[in-house]
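Protein chains in written order, with the UniProt record's numbering: chain E, 1 to 355; chain L, 1 to 355. Glycine is no exception: its CB is placed at the ideal position from the N, C-alpha and C atoms. The structure appears below as structure tokens.
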């Protein structure tokens, strides 16, 4: 089958082997697969991603996926929807023709594999994908598979909000309105948070933030979101979501945070960052670092998307065929023109690289 | 009266004015006053302490003490016990002769002042101190005032443990066995935590840690406290107390922490520190920064000391007169020989500078 392969730090389309389904597994045709910020990191800083995977697996024993070997081929893509085309032994709940989404993990007798960051199993930037039935959710009838593919990134926001102390009595500041920030904003709105101040340098991302539920948006170069919170709602305790993930943003949040605030660190900063602990100590801040989601949060997010709670379609700024993956990675470096790009493996190769 | 004055980054003994008691205030003769790590920082990096004070006062409005002006004289000392020698108007609970401890704050019509870091009111490295009756606790009969003076640093440990998620079902690792680490260890033991692994490079501090309630102690150069926890008690969830406060210790704790652990940052690192957010994200760590204590925790700590729950006397490695303060600051830079040095303003100046 055809796939966009990461090889020697570059992306190219090549033929890769299809795999037969093992017990509990199913084979599905990929309908859509989003490109994630982590994929961009992986292409340029795969070693850091491998180190992060090792840290994540601390004390997880056999339940930790083996880190990928970047000297060998990897097919990325972990935000996908797919249609079942073959089922293996002991598969009972899913049938050929079902449209499914899945946590980006596949299990076999040897252990677990992180789909999209694994050598043995290709991820979603391919025509077919191997899934474990136990981790699949059927996409409700009528939900566009392109929207269903956004279950994974939207789950990140649901998880971050659940890991926070936020209640309807809190106000929230969301730093960064890329896909992660938008997912957090949507989940905050679902949770009944009334004041959600979002900041981003990009006007188009600020417009998306409003669509997703932000009550105030600001260009931080013009006015700090913390200043807005103090002006309109400074009495409610504040929970801050850091969804930027670049060095310096944490120090900036710590400096501007009010006393006793919680900061959720959702943006993945891949390099060392610096801050002054004494400032955080003086304010008794709480920093909660978050990653991923659990199966219940994933299923819940799919349901919310199916019910139309989240305007995820507006996040999709382009669709590309496999041949357009490399160009899409490049295009995503411009946050003002792109938010979420979906790869459509079945698309005609004549589809523009970036719409 | 005589006081050890911080002037131009140096400590010297000089005469300073005594103050008449205002309504609600009392004047007390200082019986003992501990030297804190923050005092050492203040002498060499006062500007950083001022910045921290500003951060602490974020959103506190009139309830924040004004930062000290380090171009003017400051008398430090905020861990004291004292005997009342004069009471002002509207003082009813305390009487001349009472031995008291107090939160290191004094109030007047103009606002609140941080005793030990203030220009208007001298701290405890002086013969007399002005206190607000409302913040004083009477020392129970029979408790040695030198032990009572340790209420303040021991409260820091009580507060840190209360701000943590620790229960009797958790294990704890305490990094650093200086006075703050010892206070944390004692509070953990009071809270019924059964496994307390403490680490320090100093053999004498490790011995103190055992006295204060650590169940395992280790020289981290020989074996990591995390390795010991994994060996003896790796199934209980872990709460980590960072009581070292030097650059690099946080990154080290983040690297060694198990998934989903909480790290209490109690050690005050006065300079910028660096760590890799992605490691903390991958493990979903929680960092709770803590500072100080509240009045109830302070009163509770005094009671625990009076009941003999904490072997605080063993922490006192030297007593010095006011003339010995400068030498004691220098001696505290050697953690193997010193833990807590008490200043005894009434002591004969012939008392050795450091015992």
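Relative to the Cα of residue 346 (chain E), the nearest Cα in the group E:128, E:212, E:289 belongs to E:128.
Cβ-Cβ separation between residue 137 (chain E) and residue 24 (chain E): approximately 16 Å, too far for a contact (criterion under 8 Å). What residue 339 (chain E) touches in chain L, judged by beta-carbon distance under 8 Å, is nothing: the nearest beta carbon there is about 21 Å away. Between the C-alpha atoms of residue 302 (chain L) and residue 171 (chain L) there is a straight-line separation of about 26 Å. When C-beta atoms of the stretch 270 to 283 of chain E are compared with those of the stretch 144 to 154 of chain E, fewer than three pairs fall below 8 Å, so the two segments do not count as touching. 284, 285, 286, 287, 288, 289, 290, 291: these are the residues of the stretch 284 to 310 of chain L whose beta carbon lies less than 7 Å from some beta carbon of chain E, given in chain order. Pairing residue 339 (chain L) with residue 161 (chain L), the inter-Cα distance amounts to about 21 Å. Selection E:261, E:319, E:6 evaluated against residue 123 (chain E) yields E:6 as nearest (Cα-Cα). Within the DSSP bridge table, the entry for residue 68 (chain E) names no partner.
Residue state for residue 156 (chain E) is assigned as helix, using DSSP reduced to three classes.
Residues of the same chain with a CB within less than 7 Å of the CB of residue 30 (chain L), apart from the 5 flanking positions on each side, are 80, 82, 124, 126, 127, 128, 129, 345 in chain order.
Here the stretch 315 to 324 of chain E makes no contact with the stretch 314 to 333 of chain L; the two share fewer than three CB pairs at distances below 8 Å. A Cβ-Cβ separation of about 5 Å places residue 277 (chain E) in contact with residue 273 (chain L) under the 8 Å criterion.
Here the stretch 225 to 236 of chain L does not lie against the stretch 227 to 247 of chain E, with fewer than 3 beta-carbon pairs under 8 Å apart. Contact between residue 182 (chain L) and residue 208 (chain L) is confirmed by a C-beta separation of about 6 Å, below the 8 Å threshold. Two segments are said to touch when three or more pairs of C-beta atoms, one from each, lie closer than 8 Å; by this definition the stretch 186 to 196 of chain L touches the stretch 300 to 316 of chain L. Look at residue 87 (chain L) here: in three-state DSSP terms it is strand. Cβ neighbours of residue 54 (chain E) within its own chain (closer than 7 Å, five residues either side excluded): 67.
Chain E has a Cβ within less than 8 Å of the Cβ of residue 277 (chain L). Secondary structure within the UniProt domain "Alcohol dehydrogenase-like C-terminal" (179 to 306) of chain E: the alpha helix (DSSP H) runs of 4 or more consecutive residues, fully enclosed, are 179 to 190, 203 to 212, 225 to 233, 249 to 256, 277 to 283, 295 to 306 (chain order). Measuring C-alpha to C-alpha distances from residue 227 (chain L) to each of L:204, L:279, L:253, L:316 identifies L:253 as the nearest. Using a Cβ-Cβ cut-off of 8 Å, residue 33 (chain E) does not count as an interface residue toward chain L, since no Cβ of chain L sits closer than that to its own.
Inclusion of residue 151 (chain L) and residue 341 (chain L) in the CB contact set at 8 Å is not warranted, their separation being larger than that value.
Within chain L, 277 have C-beta atoms less than 8 Å from the C-beta of residue 250 (chain E), given in sequence order.
Annotation: Cβ neighbours of residue 268 (chain E) in chain L (cutoff 8 Å, chain order): 277, 278, 281. In this structure, the straight-line span from the alpha carbon of residue 250 (chain L) to that of residue 45 (chain L) is close to 21 Å. If you look at residue 128 (chain L), you'll find it in the beta strand (DSSP E) that goes 128 to 132. Annotation: residue 86 (chain E) to residue 154 (chain E) spans about 28 Å, alpha carbon to alpha carbon.
Here residue 170 (chain E) carries a coil assignment [DSSP, helix/strand/coil].
With respect to the 8 Å criterion, residue 244 (chain E) and residue 176 (chain E) are classified as neighbours on the basis of their beta carbons. The beta carbon of residue 273 (chain E) sits closer than 8 Å to some beta carbon of chain L.
For the stretch 121 to 144 of chain L, the beta-carbon criterion of a distance under 9 Å to any beta-carbon of chain E is satisfied by none of its residues. Contact annotation for residue 52 (chain L) against chain E: 276, 278, 279, 281, 282 [CB-CB distance below 9 Å, chain order]. DSSP places residue 147 (chain L) in no beta strand (DSSP E) but in the uninterrupted alpha helix (DSSP H) bounded by 145 to 148. If you ignore the 5 residues before and after residue 219 (chain L), its C-beta comes within less than 8 Å of the C-beta of 199, 200, 201, 203, 206, all in its own chain and listed in chain order.
The three-state secondary structure of residue 125 (chain E), taken from DSSP, is coil.
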